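Visitor: Okay, here's the structure, questions in a sec.
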Amino acid sequence: MIESFFIVAKQVAVLFFLIMVGYSCNKFKIFGEETVRGMTNMMLYVVTPCIIVDSFQRPFNANDLGLLGVALFVAILYHGLNILFAHTCVYEKEDKRQRVMRFGLVFSNAGYMAFPLQEAILGKDGLFFGAVIIAVFNVLLWTYGVWEMSGSLYHGGGNNSKSRQLLLAIRAGFINPGTIGVVVGLIFFFSSITLPEVVGKPVRFLASLNTPLPMIIIGFYLANAKIGKVFTDLRAYNMMFIRLIVVPVLLFALLYLMGIRDHVLVVALVIADSAPAAAATTMFSAKFGQDTLHSVAVVSYSTLISMITMPLVVGFAYWLTK
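With the sequence shown counted from 1, adding 9 to any position gets you my numbering.
Written out as structure tokens, the structure is:
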């Protein structure tokens, strides 16, 4: 048990030091907000699709396909659990704060935080299942996430009918870098197509940015956070306790009771669901006019606390399934 904890804690510590690089770059004015926005866009539109496509560069086999199906089912299940907890356990007097808190509970940092840890602990096999989680995350982000933050299914301006809004929301849910990357990766997986080296090598190089780039981005925003109020907000503690401990432990218990014991699959899923609040909490809060300052504090606060909770939760899952 102790060994499993230290395996995970070591990898989390590596990520923490990378976060401190981003923090220092902000404090010493090495780069600014515009650079980070460019880095964020590069992660979203270039690095993430490359990670996903590269993770599917493997020969097709029925066992992997079955496990992918399980990963898809569980990813939908735990997002459903998050939504259930968000709407039964999170209540705020201010609507803008409530929307931020619920969004932060539902959406974990499944890309920026979980992907690097899945790769560090489980290798490309971890990313193989992590890609499915990212697909579900993106579909819900651009449908439920938009609805939660804006109050409507689609927030694209114009006088669109409800049916038109629904169609636009569905389109946004399925046509985005994460889900497109999964579709392309699955085509390669089912057909056992391997990218030629002249293409595959650049894809792998870009995918390797997955670990340092998002951690630097998180660190940069962490340096801007004024999180004093959140540390004294008991309701924030309640939300983070559910986000970082209750749901991932409940998810692991359900997997265990269902007889799902595949080490890589279970640990990859637990990593994704034990990650802190998604960076999209702040991006969507700013986009839809919610309590952006509170969203920055929630993301930063949960990221700091996750440095302790992730080794405990993930280490426990790692130990029981090894």
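For each residue, glycine too, the CB sits at the ideal point set by N, CA and C.
It should be emphasised that the depicted structure is a prediction, and the values quoted were computed from it without experimental measurement.
1) For the alpha helix (DSSP H) that contains Y87, what are its first and last residues?
2) Label H96 either buried or exposed according to how many other C-beta atoms from any shown protein chain fall within 10 Å of its C-beta, with 16 as the threshold for buried.
3) Which residue marks the beginning of the alpha helix (DSSP H) containing W328, and which one marks its end?
4) Taking the DSSP output, what are the residues bridged to S159?
5) Please check the pair L74 and I280, which I expect to be a contact at CB under 8 Å, by giving their CB distance rounded to whole angstroms.
6) Among T57, G135, L260, A18, which has the Cα closest to the Cα of N91?
7) Classify A286 as helix, strand or coil using the three-state DSSP reduction.
8) Could you check where the alpha helix (DSSP H) with E42 kicks off and where it finishes?
9) Considering T152, what are the terminal residues of the alpha helix (DSSP H) in which it resides?
10) Comparing C-alpha positions only, which one of S200, Y230, L263 sits nearest to N35?
11) Looking at C-alpha atoms only, which residue of M52, K19, R46 is the closest neighbour of L215?
12) Among R106, V21, L278, I130, whose alpha-carbon lies nearest the alpha-carbon of A295?
13) Which one of E12, L76, N50 has the shortest CA to CA distance from R270?
14) For the putative contact between M267 and F25, defined by C-beta atoms under 8 Å, what is the C-beta separation to the nearest angstrom?
15) Sorted by chain position, which residues of the same chain lie with C-beta nearer than 6 Å to A123's C-beta, five sequence neighbours on each side aside?
16) Identify, in the order they occur along the chain, each residue of the same chain with its Cβ nearer than 7 Å to the Cβ of P221, setting aside the five sequence neighbours on each side.
17) Would you please state the rounded distance, in angstroms, between the beta carbons of V148 and F94? I believe it to be under 8 Å.
18) Got a sec? Which residues, its chain only, sit under 7 Å from G139 by beta carbon, not counting five neighbours each side?
19) Less than 8 Å between C-beta atoms, sequence neighbours within five positions excluded: which residues of the same chain meet that for T203?
20) Quick check on DSSP: helix, strand or coil for S117?
21) Taking only the alpha-carbon atoms, compute the straight-line gap between C98 and M248 and give it to the nearest angstrom.
22) In angstroms, rounded to a whole number, what distance separates the CA positions of I142 and G41?
23) Judging by CA-CA distance, which residue of I130, S64, G113, G47 is the nearest neighbour of S13?
24) Could you check which residue in S201, A289, Y310 has the C-alpha nearest to that of F69?
25) Which residues in the same chain have their Cβ closer than 7 Å to the Cβ of R213, if we skip the five residues on either side of it in sequence?
26) Short of 7 Å in beta carbon distance, which residues of its chain neighbour V193, apart from the five on each side in sequence? Order them along the chain.
27) For Y121, count neighbouring Cβ atoms within 10 angstroms of its own Cβ and tell me buried if that reaches 16, exposed if not.
Guide: Per the coordinate set shown:
1) 71–98
2) exposed
3) 301–330
4) For S159, which the question treats as bridged, DSSP gives no partner whatsoever.
5) The pair is not a contact, with the Cβ atoms about 22 Å apart (cut-off 8 Å).
6) L260
7) strand
8) 42–51
9) No alpha helix (DSSP H) holds T152; DSSP gives it neither H nor E.
10) Y230
11) M52
12) R106
13) L76
14) Wrong, their Cβ atoms sit about 33 Å apart, outside the cutoff.
15) I280, A281, A284
16) L27
17) Contact flag wrong, Cβ pair sits at about 20 Å.
18) A123, F124, Q127, A277, A281
19) Q66, F197, G209
20) strand
21) 8 Å
22) 31 Å
23) I130
24) S201
25) D63
26) V62
27) buried
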